[in-house]
Amino acid sequence: MITCSQWAFDYQDDKVDSTSAYAVTARDNKGLFAQYQGTLFSHDAQLSLRRDDNAQFGNQMTGGAAWGYAFSEGLRLTASYGTAFKAPTLNELYWPYSTYAWNGVNYIEQGNPDLSPEKSKTAELGLRYAPDAGTRVSVSAYETRIRNLIDWASSETGANEITWAPTNTDHARIRGFEAALATRIRGWNLDANLTLLDPRNRSSGENEGNVLPKRARQSWRLDAERRFGNYTIGGTVFAEGARYDDDANTHRLSGYVTFDLRAEYAFAKDWRVQARLENLFDKDYGTAAAYGKPYNQPGRGLFVTVRYRP
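First residue of the sequence shown: 135, per the working numbering; consecutive thereafter.
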């Protein structure tokens, strides 16, 4: 039997440096972490515990447990369960009040000092198969239950008035499935990933059962790369399905597909010149919106870099 343990302490000091007035401008968090790992024959286990002392939200305890079993040298089953704590940021709590008018509507932006911290529980089951050094296949399924999920949202707060502020969703549940494949075919290194999500609002009320905002339910990625002597070429295809930008599921953002290309040339020892062409077909898409209007993501872009790495 092989065992090991680890202890750690961390300190985080948050401060606001702004010309705008914040109700609170500083906060610290002290964390104490302990972890134990052990291996016995084909089994391995990990236990962890963390205690946070947050200046605003007091003491919080989180932890996790994970187990793995190797059926053979290349086939492994894993299971895990863990809890987490996330304090709202100073911006989420105290973002200064601002307002402007557009098209006859008064828009307000502000923080929410009444936010509660997020608390979550996650269970995951996974299977990984690596028959050789160049091939890996993995699948995993998980469920996360969240209390007081923090997200920025817009709401009608008066006649011709819309307020943009962070809020807590009392109860949320996210179920997910992920699959990944990495292999080598005819000199090409291929890497593919698929993610399926079912993110749901589980709070009682008019939005119960709705899809959580800003989360695509499907996404996949395919990457290919090959080396020819001093040259390396590659490309990536990335796709995401539609998503909603609001809790009521009335503002829908369409899915999209993007294509990226890249190349590298080693022209001398330790020297590389790299080029990236992102969003090859100049796809017009948005992954978030404000007041029902999407923020457009960057269009086609060419980037050239010279790197020196001795």
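Note that the Cβ used here is the ideal one computed from N, Cα and C, for glycine as well. Just so it is clear, the structure is predicted and the values come from calculations on it, not from any experiment.
Item                                                                                                                                     : Value
Would you list the residues sitting across from Asp148 in a DSSP beta bridge?                                                            : Arg161
Tell me the DSSP secondary structure of Leu387 in three-state form.                                                                      : strand
Which first and last residues belong to the beta strand (DSSP E) in which Leu249 is found?                                               : Taken as a continuous stretch (DSSP letters only), Leu249 belongs to no beta strand (DSSP E), as it is neither H nor E.
Grab the span of the alpha helix (DSSP H) containing Ala228 for me, first residue to last.                                               : Per the sequence shown, residue 228 should be read as Tyr rather than Ala. Start and end: Leu224 to Tyr228.
Expressed to the nearest angstrom, what Euclidean distance is found between the alpha-carbon atoms of Arg434 and Arg349?                 : 24 Å
How would you label Gly245, buried or exposed, when you count the other beta carbons within 10 angstroms and need 16 or more for buried? : buried
Have a look at Ile367, Arg441, Asp379 and Thr392 and flag the residue whose alpha-carbon is nearest the alpha-carbon of Ala402.          : Arg441
Using the three-state DSSP reduction, which class does Phe393 fall into: helix, strand or coil?                                          : strand
Which same chain residues, not among the five before or five after Glu277, have their C-beta less than 6 Å away from its C-beta?         : Ala257 and Arg309
Do you know how far the Cα of Ala376 is from the Cα of Trp354?                                                                           : 13 Å
Are Pro347 and Tyr390 touching if we call contact CB-CB under 8 Å?                                                                       : no
In this structure, does DSSP put Ser206 in helix, strand or coil?                                                                        : coil
Alpha carbon to alpha carbon, what distance is there between Ser152 and Pro247?                                                          : 18 Å
Rounded to the nearest angstrom, what separates Glu252 and Phe393 at their Cα positions?                                                 : 36 Å
Among the candidates Arg361, Tyr156, Ile319 and Leu414, whose CA atom is the shortest distance from the CA of Pro230?                    : Tyr156
Which residue comes first and which comes last in the beta strand (DSSP E) that contains Pro300?                                         : Glu295 to Ile319
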